[in-house]
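Each residue of the sequence shown is one higher than the one before, starting from 36 at the first, in our numbering. Down below is the structure, laid out as structure tokens.
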Amino acid sequence: MPAAHTTHVTPAEAVTSAEAVAPAEAVAPLLRGIAVLRRLTEADGGTLSLSSLEKTTGLARSTVDRLTATLARMGYVRLDGRDVTLAPRLMELGNAYLAALRLPTLLSARADALADELDESVSLAVGDRDGIRFIHQATRRRAMSLSFRIGDLLPAERTAPGPLFATEWTDADWHHWRERRAADPTDHIFPAVPPREHPTPDEDFVARTSTAASDDHALDDQLIEPGLVALSVPVRDPGTGRLACVASVVSHTSRHTAPDLRTALLPRLRATVAAMETDLRTAPPPPPGPPRAGLATWTGASKQELGREFVESLARGLTVLTAFGEGRSALTLTQVAQATGLARATARRALITLTHAALITPAPDATYALTPRVLSLGFPPLSRTTLPDIAQPYLTALADRVHESTSLAVLSDSGEEIQYTARASTTRVLSARVTVGTRLPAHATALGRVLLASPETRARGYALVDEELEAGLRAIAVPVRDRTGRVVAAINVAMHAARRTPTACETEILPELSRTATAIEADLRVAGRFVHVPPT
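Here's what the structure looks like:
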């Protein structure tokens, strides 16, 4: 008998296919923009050249140029020459899903506490058709640690949560799963996991699902890769009894075997899950948060300014996703139109398109809700963003504007030194040159005085140091605050004293420096809503 032939669909073919089978009222530019974001999400570092996007999407170069220009205008990508890179502000789409879901807000503290107690990684996951997606991760810092990110998609059959979600699958779900397994035997469409080395029969997962249904927990005994083990318990919605999410403890075989994981940790995991279910049952319904205002006006103004280079239908379609959020988990067409300022006809076509792209699901009561697949739009790579990552492009732009060196720094654990974590230099012959990682006395630097926040500095909102650290060196710095208002870093502009007087620093440099800090803080607020953004 000849070997079975498997055909892999390329990303470019997938884009063409998605458009070919789309409903007649679907918005083609919106589908194409979604495809661009997904290709960038799958790329190393969230970056692709324009020519690579042209190749992987199968779109014309002129179309790729217009789509990326529109996404850049929205702050969702950065354009650097011929390269396109995902930008932290794109995380507002995933944030809309996570806020509407509420589970990270209600349950993450329990997961974090269990991780601290057990000294093991703990995760929360939701089902996404025949896969699972992580919505929260509490990982341990070890030489051997997990690389999964929030939003990563894993095949259900290679995980501990998978059999638990499969207990609720319909016949159609099982049929889709079998088709996917046959078409993709090495798990090519799941970039978060290594290729399958030893394929298992479908019956193995069916049996694991049956066992999970009777045991009310499930194990992953090195199914993803050798050495990785996990134990999962379902967290059920008190109102319906169905799975809300699955909580897992993840370790490796040098610390626990899979049976040992169950014997030693299952009671503690069950106790945490019971507390989580109590939290779900007793949490008051959230008041609807304010939707973003003026979206339709903004997109219209951008179209007026940029003309053909701005794809208004793409921008308006993506803004529909941001209409959802905490207290707005299910919306009618009318509510979506009101929240975005779009005409009902425009909102309706966007909802049709987003439903076709599996980012939105309709309900029998004529409402719509976001699906976990919204996390596929940039969230996994961006969930590992650090503060220096966020700040670097803004520092570079600031250095270009003021023609002076600029830096980001944080306070050391001792509180006595600052550590430089990002830099942008000028092309001057004489300029302040400090490498990333350098430490200096906090009290003698403008950055340090902002971070130490003396009463005078706090009142002024900035610090100016004139030739105290080194003769001829003048610097001015402002704080960078996180979404809670806490100062987490500082940025400065440093120069030779001969180029600007202290007064000129305050009148010429300080406004530019403050605008840069505001821009960094805006991205930090988005990036830090559901994930921890490391300061270094």
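Each residue gets a CB set at the ideal place from its N, CA and C atoms; glycine is no exception. Predicted, not measured: the structure shown is a model, and the values here were computed from it.
Taken through DSSP and simplified to helix, strand or coil, residue 452 comes out as strand. If you compare the alpha carbons of 450, 109, 518 with that of residue 488, the shortest gap goes to 450.
The bridge partners DSSP lists for residue 169 are 160. The alpha carbon of residue 399 has as its nearest neighbour, out of 379, 366, 381, 421, the alpha carbon of 366.
The count of Cβ pairs closer than 8 Å, one atom from the stretch 238-257 and one from the stretch 197-208, reaches three, so the stretches are in contact.
By the Cβ-count criterion, residue 434 is buried, with 16 or more other Cβ atoms from all chains shown falling within 10 Å of its own Cβ.
Residue 397 is bridged by DSSP to 403. DSSP places residue 311 inside the alpha helix (DSSP H), whose first and last residues are 293-317.
For residue 483, the three-state secondary structure derived from DSSP is helix.
Per the C-alpha coordinates, the member of 391, 213, 107, 262 positioned closest to residue 190 is 213. Contact annotation: the stretch 211-226 does not touch the stretch 263-276, with fewer than three C-beta pairs closer than 8 Å.
Here the C-alpha atom of residue 369 lies approximately 17 Å from the C-alpha atom of residue 324.
When DSSP states are grouped into helix, strand and coil, residue 97 belongs to the helix group.
The three-state reading of DSSP puts residue 202 in coil, since its state is none of H, G, I, E or B.
For residue 147, the uninterrupted alpha helix (DSSP H) segment begins and ends at 138-153.
Assignment of residue 526 by DSSP, reduced to helix, strand and coil, places it in the strand class. Residues of the same chain with a CB within less than 6 Å of the CB of residue 557, apart from the 5 flanking positions on each side, do not exist. One thing to note: residue 457 has its Cβ no nearer than 7 Å to the Cβ of residue 477. Within the stretch 67-115, the complete beta strand (DSSP E) segments of 3 residues or longer fall at 82-84, 112-115, listed in chain order. Contact between the stretch 89-108 and the stretch 523-537 is absent: fewer than three C-beta pairs spanning the two stretches fall below 8 Å. Residue 187 has its alpha-carbon roughly 38 Å from the corresponding atom of residue 512.
Straight through space, the alpha carbons of residue 407 and residue 169 are spaced by roughly 9 Å. Note on geometry: alpha-carbon atoms of residue 114 and residue 561 lie some 20 Å from one another. Short of 6 Å from the beta carbon of residue 338, and not among the five residues preceding or following it, lie these beta carbons of its own chain, in chain order: 345, 347. In the structure shown, residue 197 adopts helical secondary structure according to DSSP, grouped into three states. Under a 10 Å Cβ-count criterion, residue 206 is classified as exposed, with fewer than 16 other Cβ atoms of the shown protein chains found around its own Cβ. Straight through space, the alpha carbons of residue 563 and residue 402 are spaced by roughly 29 Å.
Here residue 160 has 167, 168, 169, 170, 196, 280, 281, 283 as same chain residues with Cβ atoms under 7 Å from its own Cβ, once five neighbours each way along the sequence are excluded. Taking C-beta atoms under 8 Å as the contact rule, residue 479 and residue 503 qualify, at a distance of about 5 Å. Looking only at 544, 135, 63, 183, the smallest Cα-Cα distance to residue 415 is reached by 183.
The beta-bridge partner set that DSSP reports for residue 443 consists of 457, 526. By the criterion of at least three beta-carbon pairs nearer than 8 Å, the stretch 97-109 is not in contact with the stretch 435-444.
Counted as a single uninterrupted DSSP element, the alpha helix (DSSP H) harbouring residue 337 occupies residues 330-341. Runs of the alpha helix (DSSP H) spanning 4 or more residues and lying entirely within the stretch 517-566 occur at 545-562, in chain order. With fewer than three CB-CB distances shorter than 8 Å, the stretch 62-80 does not count as touching the stretch 287-306.
Between residue 83 and residue 75, the gap from beta carbon to beta carbon is short of 7 Å.
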